[in-house]
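S.K.:
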Amino acid sequence: MDWSPIRMTFHVRTYRFGERLIPEMLGKEDVPDGVVAETWEISDQEDTRATITSGPFSGRLLHDVVAAHPDEIVGEGWRGPHFPILGKFLDASHLLPVHLHADDETARRVYAAPNGKTEAWHILYAAPEASILAGIRPGFSQDDLRQAFLDQDYDRVMFRYPISAGDTVYVPGGILHAFGPDTLIFEVQQT
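Residue numbers for the sequence shown follow the numbering used here, so the first one is 1258 and each next one is one higher.
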């Protein structure tokens, strides 16, 4: 079997935190006019499955090729319902909504999912004062957190860290987080 690199189709997300950093800074073509907040480059999510466009698997879904060749594509002995990673470019021209994803234990217990959504961000571009918000400061009540979020005063209750192009940030599932504005990243997310 020819295991040369695989090229795939991608899916575009037009969330309001994005603008045009992906096509303008990465030269990415075949995207719609207007907001391009994310392009899902490696995806086996049910509604956004990538189609392979090169090599011996051209025209087949990544999902089907992974199911047929799990040891070769994911790793010896791996078995699962879908490819375990989502890879995407993410344009945070505006601050992302503060959010969190389940950790592995919570995903299994609450959602009957095999794993949570730990992620890592590789910073491709960051404006001079760019930063991320990650984690909750100790000593706040639930009411304090709620009011800070209603006021959008995230610095009162969350940690802020500076970032620069070339940085890589690991964000375990279960950690409240956001980044932007004026930031372009490549995100690898557990699925």
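Glycine residues also receive a C-beta, built at the ideal position from the N, C-alpha and C atoms.
As the structure is a computational prediction, the values presented were derived from the model and not from experiment.
1. Taking buried to mean at least 16 other C-beta atoms within 10 Å of its own C-beta, is W1378 buried or exposed?
2. On the premise that E1376 lies in contact with Q1446, defined as a C-beta separation below 8 Å, what is that separation, rounded to the nearest angstrom?
3. Apart from the five residues on each side of it in sequence, which residues of its chain come closer than 8 Å, Cβ to Cβ, to I1420?
4. Compare the Cα-Cα distances from M1415 to each of Q1404, A1422, G1423, D1424 and report the closest residue.
5. Taking 6 Å as the limit between beta carbons, can you name the residues of its chain near L1241, skipping five residues before and five after?
6. Check for me: the alpha helix (DSSP H) holding T1448 runs from which residue to which?
7. Considering Cα atoms alone, identify which of E1276, A1349, T1305 is closest to V1292.
8. Taking the alpha helix (DSSP H) that Y1368 belongs to, which residues open and close that run?
9. Check for me: the alpha helix (DSSP H) holding E1281 runs from which residue to which?
10. Consult DSSP for D1348 and reduce its assignment to one of helix, strand or coil.
11. In angstroms, rounded to a whole number, what distance separates the CA positions of P1289 and Y1272?
12. Helix, strand or coil: which one does DSSP assign to H1379?
13. If you check the beta carbons only, do S1300 and H1268 fall under 8 Å apart?
14. If you draw a straight line from the alpha carbon of R1394 to that of M1265, how long is it in whole angstroms?
15. Near Y1368, which residues of its chain fall below 7 Å by C-beta distance, leaving aside the five closest residues on each side in sequence?
M.R.: If we stick to the structure as given:
1. buried
2. 4 Å
3. I1380, A1383, A1387, S1388, I1389, V1426, F1436, T1440
4. Q1404
5. There is no way to answer for residue 1241, as the model of the chain reaches only from 1258 to 1448.
6. Segment: none, T1448 is in no alpha helix (DSSP H) and carries neither H nor E.
7. E1276
8. 1361 to 1368
9. 1278 to 1283
10. strand
11. 13 Å
12. strand
13. yes
14. 41 Å
15. A1359
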